[in-house]
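For reference, the structure discussed in these notes is given below.
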Amino acid sequence: MLLNANAENPNRFSVGRGTRAVFQFYPENEHQSALIMSQATKAGFNGGLVVDYPNSIKAKKVYLVLMTGGIAQLPKALTGGEELMQNRSHVENTGRTFSMSRKGEKKPSKGTKEWIQKKRERMLKQGR
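Each step along the sequence shown adds one to the number in full-length UniProt numbering, with nothing skipped, and position 105 is 105.
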C-alpha cells in the first residue's frame, strides 16, 4: 500500500504544522504575483507577499511567504532605514555560554572562547 494513497491527504504529510517557507521570485507583472498567491491559497497555505525596498528599481525583492497551521504574522519588509543596523562589522553572541552535558556538568557552547580553548587543548593532547 502506498503511503500517500487516495485515502490519505498527501498535503498533511508534506509540511509540518506551523512551518514557514520563503521563496524569492521576480514577477513580470501584478497578474503573475496574484496568480501565484491564488494557487498557494488554493493549495491550503496562508501567508502573503513581502516586498523589500518597494521604491527602488534595482534593489526591489519580492518574497512569497507560505505558512501552515495557525495564524502567524508576516515578517517585516526592509525599507532602507535599517541599513545602519545591517552594516555591523561583527556578530555578538549574547546567548548561553554554557550548556549542560549528559553528566550534568557545564560544557562551553560551541563557538565561544572557552570552547575554542578546550578544543585546542584536546588537539594538543592528541598530538595534532
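In this text, a Cβ means the ideal position worked out from N, Cα and C, and glycines have one as well.
Here the structure is a predicted model, which means the values were calculated and not measured.
*asked:* Can you confirm whether the region 100 to 110 touches the region 58 to 67 when touching is taken to mean that 3 or more C-beta pairs between the two stretches lie within less than 8 Å?
replied: The region 58 to 67 is not in contact with the region 100 to 110.
_Quick check on residue 120: does DSSP put it in helix, strand or coil?_
Correct three-state label for residue 120: helix.
_Euclidean distance between Cα positions of residue 42 and residue 26_ = Each residue's alpha carbon lies about 21 Å from the other.
*Using 10 angstroms around the beta-carbon of residue 44, count the other beta-carbons present and answer buried if the total reaches 16, otherwise exposed.*
Its Cβ having fewer than 16 others within 10 Å, residue 44 is exposed.
*With 16 other CB atoms within 10 Å as the buried threshold, where does residue 69 fall?*
It counts as exposed.
*Spatially closest choice to residue 59 from 112, 79, 46, 116, by CA coordinates*: Residue 79 is the option with its Cα nearest to residue 59.
*Can residue 74 and residue 50 be called in contact, C-beta distance under 7 Å?*
Closer than 7 Å, so yes.
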